[in-house]
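In the working numbering, the protein residues as written are 1004 to 1196.
In structure tokens:
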């Protein structure tokens, strides 16, 4: 059996593998006081060494989203291989890119929002790695090391997500593409992360 859309098929199969792997994509460590492990499919918050129970609830919701994506991606693989139907989806790229923006949000919160509550803070813009945040609270200087760590699975997800572009060009070349129903769900999912 000859597959009409091999790049799209590879993209969908690798996407299915990435979605199925239950690992954190990024870890945010705020001086060991607060540690957040996150991916689009799980969320763990540890405060002072204790995992917060809300993490389990959020993770359950995100795991349901993971199951939904696995079903949709499996269906898309079926459509591409058996039916020869061209599929265009941008799920992984739209899940991966926002993680590059989160360190900027942390920078903004540390430098500007704390100041609104009369807690002057200074934190260098660190996109990956460690930076020291200094705060002055009640005449006391507080230093906190903030470490932002992307994991290997994130880079794999981003690389697979970038395959959406050549897959879309392949689909465009072979005829009218079919847009999957995943896209509206992906953008509403970002509020959980």
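All C-beta atoms in this analysis are idealised placements derived from N, C-alpha and C, irrespective of residue type, glycine included.
The model shown is predicted, which means the values in this text are computed figures rather than measured ones.
task: Check whether the Cβ of residue 1023 lies closer than 8 Å to any Cβ atom in chain C.
output: In the structure shown, chain C does not exist; there is a single protein chain.
task: Tell whether a beta-carbon distance below 8 Å holds between residue 1102 and residue 1029.
output: Indexing the chain shown from 1 puts residue 1102 at position 99. Indexing the chain shown from 1 puts residue 1029 at position 26. Between residue 1102 and residue 1029, the C-beta spacing is below 8 Å.
task: Kindly indicate which three-state DSSP category residue 1035 falls into: helix, strand or coil?
output: Translated into the one-based positions of the chain shown, residue 1035 becomes position 32. The DSSP-derived three-state label of residue 1035 is coil.
- request: Check residue 1084 in the structure and name its three-state DSSP category.
  value: Position 81 of the chain shown, counting from 1, holds the residue named residue 1084. It is helical.
- prompt: Which residue comes first and which comes last in the alpha helix (DSSP H) that contains residue 1094?
  reply: The residue you call residue 1094 lines up with position 91 of the chain shown. From DSSP, the alpha helix (DSSP H) with residue 1094 extends over 1094-1099.
- prompt: For the putative contact between residue 1015 and residue 1076, defined by C-beta atoms under 8 Å, what is the C-beta separation to the nearest angstrom?
  reply: For the purposes of this step, residue 1015 is identified with residue 12 of the chain shown, where counting begins at 1. For the purposes of this step, residue 1076 is identified with residue 73 of the chain shown, where counting begins at 1. Yes, they are in contact, since the Cβ atoms of residue 1015 and residue 1076 sit about 6 Å apart, within 8 Å.
Closest Cα partner of residue 1090 within the set 1082, 1097 and 1096: Translated into the one-based positions of the chain shown, residue 1090 becomes position 87. Ranked by Cα distance from residue 1090, the first of 1082, 1097 and 1096 is 1082.
Nearest neighbour of residue 1107, chosen from 1145, 1144 and 1131 [CA to CA]: Your numbering for residue 1107 matches position 104 in the chain shown. Of 1145, 1144 and 1131, the residue nearest in Cα terms is 1131.
message: Does the region 1005-1012 come into contact with the region 1165-1174, if we say contact requires no fewer than three beta-carbon pairs (one atom in each stretch) closer than 8 Å?
response: Yes, they touch.
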